[in-house]
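According to our numbering, numbering within the sequence shown proceeds without interruption in unit steps and concludes at 300. Where a beta carbon is used, it is the ideal one built from N, C-alpha and C, also for glycine. Fair warning: this is a prediction, and the values are worked out from it, not measured in the lab.
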Amino acid sequence: MTPFEAKLTATAKRTEELLNELLSTDTRPQETARPTHLIEAMHYGALNGGKRLRPFLVVESAAMFGGDREAAFRIGAALECLHSYSLVHDDLPAMDDDKLRRGKPTVHIAFDEATAILAGDALLTYAFDIIAAPETALGDRARIELVLALARAAGVGGMAGGQALDLAAEKRSPDEQGIITLQAMKTGALIRFACEAGAIIASARPEDRMRLRRFGEIVGRAFQLADDLLDLTSDAATLGKAAGKDAARGKGTLVALKGQDWAEAELDRLVEEATDLIAVYGDRAATLIDTARFVAKRKS
1 MTPFEAKLTA TAKRTEELLN ELLSTDTRPQ ETARPTHLIE AMHYGALNGG KRLRPFLVVE
61 SAAMFGGDRE AAFRIGAALE CLHSYSLVHD DLPAMDDDKL RRGKPTVHIA FDEATAILAG
121 DALLTYAFDI IAAPETALGD RARIELVLAL ARAAGVGGMA GGQALDLAAE KRSPDEQGII
181 TLQAMKTGAL IRFACEAGAI IASARPEDRM RLRRFGEIVG RAFQLADDLL DLTSDAATLG
241 KAAGKDAARG KGTLVALKGQ DWAEAELDRL VEEATDLIAV YGDRAATLID TARFVAKRKS
């Protein structure tokens with residue numbers, strides 16, 4: 001294991017410990033009760049493996065500017081709850097109709113469709129609860145900015161809107177710019193938030209926040225391009241989910257449109273662009289640069 005992989009693994013472990021604490025049956029102030037079956041489904045959906053890349057980006061972006069580490073972990077956990085909600089709902093029969101997620105039955109298969117819908121609803125809501133809660137030791141302004149940024153990244157102009165475009169793409173394939181827009185919303189928006197959130201946590205200068213936001217946009221694009229390559233070249237055992245489903249559904253991707261060789265070259269270009277963007281921070285940017293490389297070259 002490389003030093004980068006060790007750091008990624010350690011952050012994932014801490015994030016999962018925090019999610020375990022947050023997704024317990026113990027009620028919080030102003031809650032009446034936490035139904036056990038629903039908590040079990042939320043726990044299953046949020047703690048079903050994964051690299052925890054988005055929380056890692058929050059923690060490392062905050063660290064680059066000296067932000068509060070524990071607050072960054074809580075924001076990372078909130079983001080992971082929201083990301084997990086999106087996966088639970090995307091897997092539903094009315095959406096992508098997937099049976100496997102990270103090598104395990106999806107939530108609606110392990111439980112039932114109604115429970116999966118409610119688990120997703122609850123995870124989405126809980127993300128904003130975690131940010132606003134007093135245990136997240138940030139000033140009011142930072143918490144308001146985080147709530148707004150995450151809502152914009154997750155809503156109609158971000159991830160949810162991107163999923164709507166993705167479903168529409170099954171009936172009519174978009175052109176190249178349409179694919180870029182769809183992917184920037186569905187996948188890129190939360191990765192962009194993860195990087196920008198670190199700057200918000202650390203009260204970084206506006207120009208630093210915008211630089212991290214742009215870095216996140218580039219990494220998000222690289223993440224989706226690598227994902228599309230894996231969908232084309234890998235298998236279900238390696239991916240932990242169905243492979244080749246984009247082609248089977250007739251969805252347009254940049255890989256399908258421009259070819260594997262172009263995609264591999266574009267990934268190299270995106271990593272170089274991301275590196276150049278934050279190289280101004282010197283050694284402090286090393287981990288984020290390693291993350292961009294990792295995203296582009298990942299195998300699952």
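C-beta contact flag for Ala-153 and Ala-41 at 8 Å | For Ala-153 and Ala-41, no; Cβs fall outside 8 Å.
Inter-residue CB distance, Leu-123 and Ser-84 (contact presumed, cutoff 8 Å) | Rounded, the Cβ-Cβ distance is 5 Å, consistent with contact.
What residue range is occupied by the uninterrupted alpha helix (DSSP H) comprising Phe-302?
-> The first residue shown for the chain is 1 and the last is 300, placing residue 302 beyond what the model contains.
Could you tell me whether the segment 13-22 touches the segment 36-53, using the rule of 3 or more Cβ pairs below 8 Å?
-> Touching, yes.
With 16 other Cβ atoms within 10 Å as the buried cut-off, status of Asp-228 | Its Cβ being crowded by 16 or more others within 10 Å, Asp-228 is buried.
From the DSSP output, in three-state form, read off Arg-301 for me.
-> Since the first residue shown for the chain is 1 and the last is 300, residue 301 is missing from the structure and cannot be characterised.
Does the count of Cβ pairs from the segment 191-207 and the segment 258-270 closer than 8 Å reach three?
-> Touching, no, given that fewer than three Cβ pairs across the two stretches are closer than 8 Å.
So what's Leu-100 in DSSP terms, helix, strand or just coil?
-> Here Leu-100 carries a strand assignment [DSSP, helix/strand/coil].
Provide the residue span of the alpha helix (DSSP H) that contains Lys-297, from first to last.
-> Following the DSSP letters along the chain, one finds Lys-297 inside the alpha helix (DSSP H) bounded by residues 286-297.
Top-ranked residue by Cα proximity to Val-147, from Ile-200, Leu-182, Leu-165 | For Val-147, the closest C-alpha among the options Ile-200, Leu-182, Leu-165 is that of Ile-200.
Ala-142 - containing alpha helix (DSSP H), residue span = Under the DSSP assignment, Ala-142 falls in the alpha helix (DSSP H) whose first and last residues are 140-154.
By DSSP, does Lys-241 sit in helix, in strand, or in coil?
-> Confidence at Lys-241 is low in this model, with a pLDDT of 48, below 50, so the placement of that residue should be treated as unreliable; the coordinate-derived value is given next. DSSP places Lys-241 in coil when its eight states are reduced to three.
Would you list the one or two residues that DSSP bridges to Pro-105?
-> The bridge partners DSSP lists for Pro-105 are Leu-100.
Anticipated Cβ contact below 8 Å, Thr-25 with Thr-36, distance rounded | With a Cβ gap of about 6 Å, Thr-25 and Thr-36 count as contacting.
State yes or no: is the C-beta of Arg-211 within less than 8 Å of the C-beta of Leu-277?
-> It is a contact, given that the beta carbons lie within the stated cut-off.
Straight-line gap, Thr-125 to Arg-143 (C-alpha atoms, nearest Å) | The alpha-carbon atoms of Thr-125 and Arg-143 are separated by roughly 15 Å.
Candidates Lys-299, Ala-71, Ser-173, Ala-78: which alpha carbon is nearest Phe-128's?
-> Closest by alpha carbon: Ala-78.
In chain order, what residues of the same chain have a beta carbon less than 7 Å from the beta carbon of Gly-50, not counting five sequence neighbours either side?
-> Apart from the 5 residues on each side of it in sequence, Gly-50 sits with its Cβ closer than 7 Å to the Cβ of Arg-102 in its chain, given in chain order.
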